[in-house]
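Protein sequences appear in the order of chains A and B. So for the first sequence, the numbering used here puts the first residue at 142; every next one is plus one. So for the second sequence, the numbering used here puts the first residue at -1; every next one is plus one. Note sheet for the following structure.
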Amino acid sequence: MLRSLATVTHRTIVSVLCAVMLITTAGFWFAGAVAQPVIVPAFKGEQCVADTNLMRSDHMKLLDHQRDDTVIDGVRGAPYSLIGCVDCHAQRSDSGAAIRVDAEGQFCQSCHAYAAVKIDCFSCHAAVPEQARQIGLLPDNPMPHAEINRVMSLLKSTDYHAKEQQFFTTN
Amino acid sequence: MQKNNSSSPQTDKSLLARRRFLRNLGLLGATAVSSFTLLEVKAREQKANTTGAVTAEKRWGLLIDTSKCSSGCDACVRGCNEEHGIENEGNDATRAQWIRKIDLKDKLTGSESSVPVMCQHCDSAPCVDVCPTGASFKRADGIVLVNKHTCIGCRYCMMACPYKARSFIHETLTNQKPAAPRGKGTVESCTLCVHRVDRSEDLQPACAVACTDEAHSAILFGDLNDPQSKLATKMKEIGASQVRADLQLNTGVRYHGL
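Below you can see the structure in the form of C-alpha cells.
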C-alpha cells in the first residue's frame, strides 16, 4: 500500500514536471507560429536612402551617426534623417490624415514588435510628417510665407490627396 | 659631494652633451606638438567646409530693444510656442517656458519697461559647466543647446542658470513638431530657432518674426562677430547691455534700454 502510493506520487511529480517544461519552452517549440512582420510599402518616394538590407540591419547606426552631426555640429540636409523616414513611410488613413509610424502594424512598429525591440524615437520626435511637409516643404526648400499659408488653407479645406494633386499641377 | 661637483674636462663635455641632447629633445617635442595642433585645426576647418558643420566664425545673438517692446504684448512667446509645438500642457507650476515676458519698474524713477527673457546663450555658460553628461553644450557658433539624447534630466543646469531660462518636461508629450523634438524627462530652453537659422540666416527666429509681424520689431537677430552685420551696427548705434553683466558670462542676447 505504502509502496504503491509512493509510485503514484512519483508518477504525478514527473508528469507535472514534463507539463511545466512543455509550457515554459512552448515559445521555442512553436516559434514558427509567430506572424512575420507586414512591411508596408512607403507612402511616397521610389528609392530609399540606402539599400534595403543595409537599412534593415543598420538604420540605427546611420541615424545615430547623423544625429550627432546634426545636433552638435549643425549639419543639415544630410540623407539619413528621421524626419526623412517619417516623411516617406507614414501612411495615410482613409480620411487623408497621416498615421503614426509607430502605431500598431505600421512601418516601424511591425518590425519592432516582431524583433521585440522598443522604439524610443517617437516619445520625443514627431511620428507623422508636419502638414506643410506633406506637400513637399522640405528643409532645403523653404517656401515664402504667403505660399505656405495658401497651401495650408488648401489642405485644411478638403480632401488631402485631391489637394496635393492640385498643388503639384498648379506649380 | 664636493668631489662629485669638482669639474674635470671630461664631465664638462658630457654635461654639455647631455644639455644639448635635452634641449634638442625639447625643441623636437615643441615642434611636433605645434605641428599636430596646426594639422588638427586645419582638419577641423576642412571637415567644417566639407560637411557644413557650424564654425566659430559666426556668433549668433539677439538684440532686444526694450523701448519698442510693449507691456501686455506676448507675440514673441506665442510665436515661439507655435514654432516649437509648446502647448498648454501640464500645470502652471511646471509648464515649459522658453520665453518669459517680464515687466520691470524702477522704484525710484517709476519708469517701466517690459522685456522678453529667454536663454541668453552665454559664452561661458554655467549650464554647460555643471552638466554631468555633456548634454548641455555650446555650439561652435555660440548657440547653447541641450542634447536631449544624452540629457538625464538631473536639472543641475536649471539650478545653475542665473536667468531661469530652462524648463523641465514633467509630462508625456504628444504632437511634437518635426523640427522641435521634445520629451518627458529632459530639460529644454530657447534654441535660438537653430532649425531655422541652419537653413538660412534670413529665416529669423520665430520670436523675432512674430515681433516684426506685430509691428514692434523689438527683436533683432544676427551675427555678433561681424561688425558689418545689421545686428552689430544697430548695437553700436543705440547701445546694448547684458542682464547681470557682473557675472561676466558674455551673453549672446543683449538688451537696449535696460
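Glycine included, C-beta positions come from ideal geometry on N, C-alpha and C. Small disclaimer: the values here were computed from a predicted structure and weren't measured.
Proximal residues of chain A, C-beta to C-beta of residue i below 9 Å
| i | result |
| --- | --- |
| B/K182 | S264 and C265 |
Unbroken beta strand (DSSP E) run spanning residue i, endpoints
| i | result |
| --- | --- |
| B/I217 | I217 to D221 |
| B/E199 | No beta strand (DSSP E) contains B/E199, which DSSP labels as neither H nor E. |
| B/G59 | W58 to D63 |
| A/H230 | Not the beta strand (DSSP E): A/H230 falls in the alpha helix (DSSP H), residues L223 to H230. |
| B/P124 | Premise fails: B/P124 lies in the alpha helix (DSSP H), P124 to V128, not in any beta strand (DSSP E). |
| B/S111 | E110 to V115 |
| B/K136 | S134 to K136 |
9 Å Cβ cut-off: residues of chain B touching residue i
| i | result |
| --- | --- |
| A/E271 | K175, P176 and A177 |
| A/V258 | Result: empty, since nearest Cβ-Cβ is about 17 Å, beyond 9 Å. |
| A/V179 | Going along chain B, no residue has its Cβ under 9 Å from A/V179, so there is no contact; the nearest lies around 25 Å. |
Closer than 7 Å to chain B by CB, residue i
| i | result |
| --- | --- |
| A/N282 | Confidence at A/N282 is low in this model, with a pLDDT of 41, below 50, so its placement is unreliable and the value that follows should be read with caution. It does not; no Cβ of chain B falls within 7 Å. |
| A/I240 | no |
| A/D261 | no |
| A/R217 | yes |
| A/D243 | no |
| A/V155 | no |
| A/N290 | Note that A/N290 scores a pLDDT of 48, beneath 50, so its modelled location is shaky; the value from the coordinates is reported in the next line. It does not; no Cβ of chain B falls within 7 Å. |
| A/K297 | Summary for A/K297: the model assigns pLDDT 46, below 50, so the residue's position carries little reliability; its value from the coordinates is reported in the next sentence. So no, A/K297 is outside the interface. |
| A/M293 | Confidence is the limiting factor: at A/M293 the pLDDT is only 46, short of 50, which leaves the residue's position unreliable and the question unanswerable from this model. |
Cutoff 7 Å: residue i Cβ touching any chain A Cβ
| i | result |
| --- | --- |
| B/G151 | no |
| B/A73 | no |
| B/V251 | no |
| B/L221 | The displayed chain sequence assigns Asp, not Leu, to residue 221 of chain B. So no, B/D221 is outside the interface. |
| B/G50 | yes |
| B/D196 | yes |
N-terminal and C-terminal residue of the alpha helix (DSSP H) that residue i is part of
| i | result |
| --- | --- |
| B/R242 | Run containing B/R242: none; DSSP gives neither H nor E here. |
| A/D199 | T193 to D214 |
| B/E81 | A73 to H82 |
| B/Y253 | No alpha helix (DSSP H) contains B/Y253, which is instead part of the beta strand (DSSP E) from V251 to H254. |
| B/V207 | A204 to D211 |
| B/C155 | Y154 to A158 |
Chain-ordered neighbours of residue i on chain B, where CB pairs are closer than 8 Å
| i | result |
| --- | --- |
| A/R208 | H147 |
| A/I213 | F135, R137 and N145 |
Three-state secondary structure assigned by DSSP to residue i
| i | result |
| --- | --- |
| B/D101 | strand |
| A/E288 | For A/E288, the predicted model reports a pLDDT of 45, less than 50, meaning its position is unreliable; a value from the coordinates is still stated below. Note: A/E288 maps to helix in three-state DSSP. |
| A/K259 | coil |
| B/V142 | strand |
| B/R194 | helix |
| B/S227 | coil |
| B/F166 | strand |
| A/V190 | coil |
| B/K66 | coil |
| B/K175 | strand |
| B/A28 | helix |
| A/V269 | coil |
| A/D281 | Since pLDDT at A/D281 reaches only 43, below the 50 mark, its modelled position is unreliable, and the value read off the structure follows with that caveat. In the structure shown, A/D281 sits in coil (DSSP, three-state: anything other than H, G, I, E or B). |
| B/A54 | coil |
| A/A244 | coil |
| B/E186 | strand |
| A/A239 | strand |
| A/R233 | strand |
| A/V161 | helix |
| B/N86 | coil |
| B/D10 | helix |
| A/V181 | coil |
| A/A254 | helix |
| B/T35 | helix |
| A/Q275 | With a pLDDT of only 38 at A/Q275, under the threshold of 50, the placement of this residue in the model should not be trusted, and no figure is reported. |
| A/T153 | helix |
Under 7 Å by beta carbon: chain B residues contacting residue i
| i | result |
| --- | --- |
| A/V190 | In chain order: nothing, as chain B lies at least about 17 Å away. |
| A/I224 | P176 |
Supposed close pair residue i, residue j - CB separation, criterion 8 Å
| i | j | result |
| --- | --- | --- |
| B/T64 | B/Y253 | 6 Å |
| B/P124 | B/A158 | 4 Å |
| B/L61 | B/K232 | 6 Å |
| B/S112 | B/S68 | 6 Å |
| A/A267 | B/Q174 | 5 Å |
| B/W58 | B/L247 | About 16 Å separates the two Cβ atoms, so there is no contact after all. |
| B/K182 | B/H168 | 7 Å |
Within chain A, the residues that residue i reaches when beta carbons sit closer than 8 Å
| i | result |
| --- | --- |
| B/D10 | Going along chain A, no residue has its Cβ under 8 Å from B/D10, so there is no contact; the nearest lies around 57 Å. |
| B/V192 | G215 |
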